[in-house]
Amino acid sequence: MSKLAKFRLEALSAHNSYRKMHDVPLLEYDSELESSAQEYAEELAEAEELRVSHGASLGIFGENISRRTSSKKRRPDISGAEVTSLWYRDIEKFDYARGTGRAGNFTQLVWRDTRLFGIGKAHAPGRVVVVAHYSPAGNVRGHFLENVPPPAASDAGPGKGAAPESRRERRRPAVTSTALDVSEDPLFNYRVKSRQVDTHEVREGRAAVVVRRELVEYEDTEGHTKQKLVEERQRRQASSSGPEDEDSRSDGSSGSGAEDETADQETSPSYLTSPAPPTPTKAGTREPPATTPNPATAATGAAADDAKRPIPKRNPAELHRFAKHVLAAINHHRKHHDARPLRLSSELCELAQQLAEQQAVSDEKLRPSSVSYRGQRLGQSLAARVSAANTDASAEHVVGLWYAEGRAYEYRTEPSDIEPFGNFTQLVWKASQELGVGRCMAQLPGGAYKLVVVCYYFPTGNVSFEFRANVLPPKK
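Its first residue numbered 1, the sequence shown is counted upward by one per residue in the UniProt record's numbering.
Here's what the structure looks like:
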């Protein structure tokens with residue numbers, strides 16, 4: 001068996017060990033996902049920065065990425081169990097109560113609905129890159145709570161059933177399991193029903209850290225149960241290992257000179273959000289003709305102070321290029337639903353750009369607009385990102401998020417509430433013919449950057465009693 005084949009088996013085993021802890025179905029290995037992951041790992045190995053692949057942006061598959069770099073002459077490497085552990089440790093950032101957090105690597109790893117897995121690894125001078133692809137893709141907005149359960153009471157852990165540990169992993173010190181003192185805990189009225197401890201080692205930069213997780217299940221006198229997950233992290237002391245394993249430093253500590261980096265994924269919908277789509281409109285609904293937003297009716301959410309803020313200067317060439325990318329991504333999805341491709345409308349693009357600019361300088365949340373075009377209200381999809389840095393979002397990524405809502409849609413039905421999937425149904429709405437795209441990045445008073453993307457559709461979609469005829473199942 002080749003080293004790469006062993007790496008893949010080890011990664012699959014480690015994935016399934018973690019998934020077993022969360023009581024979700026085990027993954028099966030898929031050769032097609034392996035091919036796409038290996039191809040992208042080789043591409044990223046030659047790149048200077050990590051970025052999400054085009055297929056992942058479109059929601060074709062889920063994706064986890066990790067890179068280890070080293071300033072040493074020795075070629076860096078990483079095991080399948082080790083890279084899986086790096087992704088899993090994002091569990092610390094996940095808020096189970098809200099289903100949010102910058103924990104996309106962890107949530108994809110244990111996503112309940114995911115069934116297939118493939119992984120690739122590639123080397124370049126001073127670095128090694130690992131890419132994993134998953135199908136169906138996880139991290140679907142609005143579906144975290146049912147797909148990311150907390151660890152179950154199980155003795156399965158990444159060290160059990162996984163491939164043999166590396167020499168570095170075998171050197172980890174033993175960590176004694178100690179009982180939790182819950183006398184001052186809000187659960188003190190509950191008795192301990194069960195307790196499970198998992199201990200493993202992860203790398204944090206150049207340091208090795210022993211992670212101990214204890215899952216305690218409590219039960220009260222009426223049989224009600226609650227669970228509590230407690231984690232302890234202990235930095236491992238330097239060892240006197242030989243040069244084959246680690247390089248010895250002059251200060252007496254030890255380390256490989258390697259640093260790990262994962263593609264940071266956020267599960268919080270506040271990262272890239274869309275407002276709740278309006279309820280389905282009645283067929284034939286019309287409003288007074290208008291080719292520009294009417295301040296009296298357009299729900300821009302802009303306050304008086306917002307109106308005084310300068311609108312960023314437009315770059316027509318860049319806006320047109322972005323609009324064409326959005327159009328291509330949308331038509332890619334429409335083709336799979338037997339819907340004719342949309343065409344760009346310069347008038348709709350101008351309307352969409354005006355709304356994007358108004359929303360970008362506003363402190364308020366996104367709100368659907370009530371603007372009319374040719375006597376009809378427009379269909380629309382909006383998205384916004386607020387971040388500390390001036391970071392962009394690709395057209396494919398934005399469209400992919402809207403399209404991903406389709407997993408919540410039941411075909412051949414006439415829904416009364418479209419909030420969970422309204423962006424998806426509008427995107428593939430068969431009767432829509434024209435598209436307008438707007439995009440604006442503005443800096444808010446506090447220093448944060450706000451990116452807003454607006455799409456207008458004509459004729460509008462999401463019309464009551466017309467879903468069966470306009471939202472067709474994807475072609476097989």
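Heads up, the beta-carbon is just placed ideally off N, CA and C, and yes, glycines get one too.
Exposure of residue i, with buried meaning 16 or more beta-carbon neighbours within 10 Å
{"i": "R377", "result": "buried"}
{"i": "T100", "result": "buried"}
{"i": "E10", "result": "buried"}
{"i": "A97", "result": "exposed"}
{"i": "D95", "result": "exposed"}
{"i": "R321", "result": "exposed"}
{"i": "P76", "result": "buried"}
{"i": "E396", "result": "buried"}
{"i": "E82", "result": "buried"}
{"i": "N390", "result": "exposed"}
{"i": "N64", "result": "buried"}
Member of the options whose CA lies at the smallest distance from the CA of residue i
{"i": "K450", "options": "Y456, T425, C440 and A45", "result": "C440"}
{"i": "S345", "options": "H15, R367 and F458", "result": "F458"}
{"i": "R115", "options": "S394, E364 and E28", "result": "E28"}
{"i": "E46", "options": "P125, M1 and R19", "result": "P125"}
{"i": "G120", "options": "A37, S416 and G138", "result": "A37"}
{"i": "H54", "options": "K430, H325 and E347", "result": "H325"}
{"i": "K313", "options": "Q354, H337 and S66", "result": "Q354"}
{"i": "A448", "options": "A360, M1, H332 and F144", "result": "A360"}
{"i": "N423", "options": "N147, H333 and G446", "result": "H333"}
{"i": "F465", "options": "D417, E146, L33 and V452", "result": "D417"}
{"i": "L401", "options": "I60, F7 and K20", "result": "I60"}
{"i": "P474", "options": "S432, F421, A442 and Y411", "result": "Y411"}
{"i": "D146", "options": "F7, E48 and D113", "result": "The residue you asked about is not Asp; residue 146 is Glu in the sequence shown. Taking only the C-alpha atoms, the option nearest E146 is D113."}
{"i": "P415", "options": "V452, G446, V463 and D392", "result": "V463"}
{"i": "P420", "options": "F144, T84, A152 and K476", "result": "F144"}
Cβ pair residue i, residue j closer than 9 angstroms
{"i": "W111", "j": "Y134", "result": "yes"}
{"i": "L472", "j": "A339", "result": "yes"}
{"i": "V371", "j": "L351", "result": "yes"}
{"i": "I78", "j": "V131", "result": "no"}
{"i": "S66", "j": "L86", "result": "yes"}
{"i": "Y373", "j": "E405", "result": "no"}
{"i": "P150", "j": "H22", "result": "yes"}
{"i": "V140", "j": "A384", "result": "no"}
{"i": "Y403", "j": "L435", "result": "no"}
{"i": "G104", "j": "L12", "result": "no"}
{"i": "S369", "j": "Q426", "result": "no"}
{"i": "V454", "j": "V428", "result": "no"}
{"i": "G62", "j": "G142", "result": "no"}
{"i": "S387", "j": "S57", "result": "no"}
{"i": "R8", "j": "E39", "result": "no"}
{"i": "N470", "j": "A442", "result": "no"}
{"i": "V128", "j": "R68", "result": "yes"}
{"i": "G375", "j": "T460", "result": "no"}
{"i": "R74", "j": "D90", "result": "no"}
Residue i versus residue j: straight-line alpha-carbon distance, rounded
{"i": "A296", "j": "L366", "result": "Note that A296 scores a pLDDT of 30, beneath 50, so its modelled location is shaky; the value from the coordinates is reported in the next line. Roughly 17 angstroms between the two C-alpha positions."}
{"i": "V398", "j": "S31", "result": "28 angstroms"}
{"i": "V24", "j": "T107", "result": "12 angstroms"}
{"i": "E42", "j": "F467", "result": "43 angstroms"}
{"i": "A5", "j": "K93", "result": "31 angstroms"}
{"i": "S362", "j": "L444", "result": "8 angstroms"}
{"i": "E318", "j": "I311", "result": "16 angstroms"}
{"i": "H337", "j": "F117", "result": "26 angstroms"}
{"i": "E357", "j": "S17", "result": "48 angstroms"}
{"i": "A122", "j": "Q433", "result": "44 angstroms"}
{"i": "R19", "j": "L26", "result": "6 angstroms"}
{"i": "A323", "j": "T413", "result": "32 angstroms"}
{"i": "residue 481", "j": "L44", "result": "Given a span of 1 to 476 for the chain in the structure shown, any question on residue 481 remains unanswerable."}
{"i": "L327", "j": "K335", "result": "12 angstroms"}
{"i": "V52", "j": "S2", "result": "28 angstroms"}
{"i": "N315", "j": "C349", "result": "13 angstroms"}
{"i": "D392", "j": "N331", "result": "22 angstroms"}
{"i": "P136", "j": "T84", "result": "19 angstroms"}
{"i": "A152", "j": "E48", "result": "39 angstroms"}
{"i": "V452", "j": "L109", "result": "30 angstroms"}
Complete alpha helix (DSSP H) runs within the UniProt domain "SCP" (321-465) (minimum length 4 residues, chain order): 346-360, 395-404 and 422-427
Beta strand (DSSP E) runs contained entirely in the UniProt domain "SCP" (6-142), provided each spans 3 or more residues: 62-70, 116-124 and 127-135
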